[in-house]
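**Q**
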Ligand code: SF4
């Protein structure tokens with residue numbers, strides 16, 4: 009249940025972020041990844057979120073990321089119950105989850121020169137790096153794991169955002185931290201992270217939900233590269249982010265062309281076969297499709313099977 013509205017950020021008032029000429033029709037709830045999808049390619053956004061054309065494949069990179077997140081979620085769950093799993097147990101749990109979930113028909117490998125084992129070992133390396141750096145996991149206090157935040161950007165509740173925070177932490181200096189695990193190879197520049205939208209949006213949600221007025225640190229764990237990055241936001245930066253995000257949602261809401269935006273990401277796009285920019289043809293079922301994006305009910309990672317067997321604490 010969302011707590012009563014409480015403004016913790018600096019002026020300007022939220023009302024001023026929304027044009028009075030805009031229609032007051034309520035928008036669907038958005039997430040950072042949904043907003044990014046539109047920025048990456050409006051055509052893909054249209055297929056996925058407006059037409060809701062189901063995808064029958066998952067990229068292997070996303071598959072690895074989900075398994076690593078599941079294991080870290082279970083790890084901190086176990087730590088919270090007073091059990092610190094061994095590294096061997098952690099890797100065993102990862103391999104078990106992989107075997108239970110991997111479907112060669114569904115998981116798509118774009119870089120075909122890499123076999124599935126390459127990606128499996130990559131996930132193990134991510135977990136090993138994290139485990140080595142944080143064992144015995146007593147350097148801070150976990151406040152939330154896979155925590156859902158959902159909040160409005162404006163006072164009228166027209167522009168809503170949701171997200172799932174990998175881990176919320178009370179650090180040893182009492183500062184609240186928002187942690188995010190990344191399994192990709194690329195580590196963005198500090199400048200890029202200082203203007204990153206995802207964790208800053210989460211900060212807005214956490215401040216509202218937990219009534220935080222003090223400092224909050226944003227922390228990224230680039231597990232594959234074994235690197236950590238930290239950033240913070242000022243109140244003015246968060247207000248600016250709210251305004252820019254509202255503008256983007258308005259752009260999406262007003263979009264009609266849904267133009268393809270080709271680029272390197274096309275190789276990972278599940279709609280290449282139908283995309284006209286890639287030689288496909290939009291199929292007829294599009295005409296009958298619904299017109300409004302709708303949010304997922306829960307985190308895709310929360311659907312993990314309950315633990316079984318000798319490693320049940322993990
Ligand atoms: S193939 Fe490329 S241009 Fe076409 S929808 Fe996918 S990402 Fe967009």
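Numbering (the working numbering), first residue to last: 9 to 322. Beta carbons: idealized from backbone N, C-alpha and C, even for Gly.
Could you give the C-beta distance for residue 282 and residue 288, rounded to a whole number, given that I count them as a contact under 8 Å?
**A** 4 Å
**Q** Rounded to whole angstroms, what is the Cα-Cα separation between residue 121 and residue 178?
**A** 43 Å
**Q** Leaving aside the five residues before and after residue 105 along the sequence, list all residues of the same chain whose C-beta is less than 6 Å from its C-beta, in chain order.
**A** These residues qualify, in order along the chain: 75, 78.
**Q** Considering only heavy atoms of the ligand SF4 and the C-beta of each residue, which residues fall inside 6 Å, strictly closer?
**A** Working through the chain, the matches are 49, 51, 52, 268, 269, 270, 273, 274, 277, 279, 280, 283, 285, 286.
**Q** If residue 171 and residue 213 are in contact, beta carbons under 8 Å, what's the gap, nearest whole angstrom?
**A** 7 Å
**Q** Should residue 86 be labelled buried (16 or more other beta-carbon atoms within 10 Å of its own) or exposed?
**A** buried
**Q** Using only the alpha-carbon positions, how far apart do residue 265 and residue 169 sit?
**A** Put simply, the backbone Cα of residue 265 is about 24 Å away from that of residue 169.
**Q** Going by the DSSP bridge assignment, what does residue 189 pair with across the sheet?
**A** 229
**Q** From 111, 88, 161, 146, pick the residue whose C-alpha is nearest to that of residue 255; which is it?
**A** 161
**Q** Let me know if residue 252 comes out buried or exposed under the rule of 16 or more other beta-carbons within 10 Å of its beta-carbon.
**A** exposed
**Q** Just the C-alpha distance for residue 259 and residue 99, rounded to the nearest angstrom, thanks.
**A** Taking C-alpha positions only, residue 259 is separated from residue 99 by approximately 44 Å.
**Q** Which whole-angstrom value is the C-beta distance of residue 131 and residue 102, which I expect to be below 8 Å?
**A** 6 Å
**Q** Classify residue 170 as helix, strand or coil using the three-state DSSP reduction.
**A** strand
**Q** Please classify residue 257 as buried or exposed, where buried requires at least 16 other C-beta atoms within 10 Å of its C-beta.
**A** buried
**Q** Could you check the C-alpha separation between residue 24 and residue 245 for me, to the nearest Å?
**A** Low confidence applies to residue 24: its pLDDT is 40, below 50, so where it sits in the model is not reliable enough to give any reading.
**Q** Under 6 Å Cβ to Cβ from residue 201, same chain only, skipping five residues before and after it: list those, please.
**A** 237, 239
**Q** How about residue 174 and residue 163: do their beta carbons lie closer than 9 Å?
**A** no
**Q** How many Å lie between residue 63 and residue 50 at the Cα?
**A** 17 Å
**Q** Give me the Cβ distance between residue 231 and residue 134, rounded to the nearest whole Å; I'm assuming they're in contact under 8 Å.
**A** 4 Å
**Q** Does the distance from the CB of residue 249 to the CB of residue 209 come in under 9 Å?
**A** yes
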